[in-house]
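Take 1 as the starting number for the sequence shown in full-length UniProt numbering and just add one per residue. Yeah, the Cβ is synthetic: ideal placement off N, Cα and C, and Gly gets one too. Presented below is the structure to which this report refers.
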Amino acid sequence: MGASNAQILDYVKEEVDEGNFDMILHVGDFAYDMNSDNGRRGDDFMNNIQPLASRVPYMVDAGNHEQAQSFAHYTERFRNMPNNAGGNVTTDNGVAPNNWYYSHDFGNVHFIAINTEVLFVYKQHEHVRKQFEFIENDLMNVDREKTPWIVVHGHRPMYCSCDADCGFPARMTRTGGY
């Protein structure tokens, strides 16, 4: 659902209007790229998803196309994501609440959003440890009576069989570099 090639957008709007979606989970690569044209492409993307995000929860993860300026456009444009991982992140725009990884409950499902990209961006390696600690702590505190299902989502696949993402990137995503 990029800004310039939003082929599926009308279909998703129709499904949301008909009440067929309870939530949208968008796992990165927004607008290709949000920072393009001095951020105007990101503005267009946000305007395009407004009819969706105003009707159902629109939950996100950063993808590799959000890495520019240390994830500045992602961090600023999605400040409404939960900040329950605690702490702050630093982008080229400065310090902001950490929305790079978080968790939330929706119905009987506990969702954990991870930022797979911190594994591949050298200057963000301190977040690999912090994210791992957050995931460990979060999983220990899930109320399995309330939320028997747990879904972990991030941009890059942990397992796959189709392309170059299936070798080193998938292994790195699975192991966190450990």
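Under 8 Å between C-beta atoms of residue i and residue j
{"i": "residue 42", "j": "residue 53", "result": "no"}
{"i": "residue 62", "j": "residue 28", "result": "yes"}
{"i": "residue 212", "j": "residue 21", "result": "As displayed, the chain neither begins before 1 nor continues past 178, which places residue 212 out of reach and without an answer."}
{"i": "residue 109", "j": "residue 177", "result": "no"}
{"i": "residue 71", "j": "residue 100", "result": "yes"}
{"i": "residue 56", "j": "residue 8", "result": "no"}
Buried/exposed call for residue i, threshold 16 Cβ in 10 Å
{"i": "residue 59", "result": "buried"}
{"i": "residue 146", "result": "exposed"}
{"i": "residue 161", "result": "exposed"}
{"i": "residue 148", "result": "exposed"}
Whole-angstrom distance between residue j and residue i, CA atom to CA atom
{"i": "residue 46", "j": "residue 78", "result": "10 Å"}
{"i": "residue 126", "j": "residue 142", "result": "25 Å"}
{"i": "residue 116", "j": "residue 167", "result": "15 Å"}
{"i": "residue 97", "j": "residue 83", "result": "7 Å"}
{"i": "residue 137", "j": "residue 81", "result": "19 Å"}
Residue(s) in a DSSP beta bridge with residue i
{"i": "residue 91", "result": "94"}
{"i": "residue 113", "result": "102 and 153"}
Cβ-Cβ separation, residue j to residue i (assumed contact under 8 Å), whole Å
{"i": "residue 173", "j": "residue 119", "result": "6 Å"}
{"i": "residue 93", "j": "residue 76", "result": "6 Å"}
{"i": "residue 113", "j": "residue 73", "result": "Wrong, their Cβ atoms sit about 17 Å apart, outside the cutoff."}
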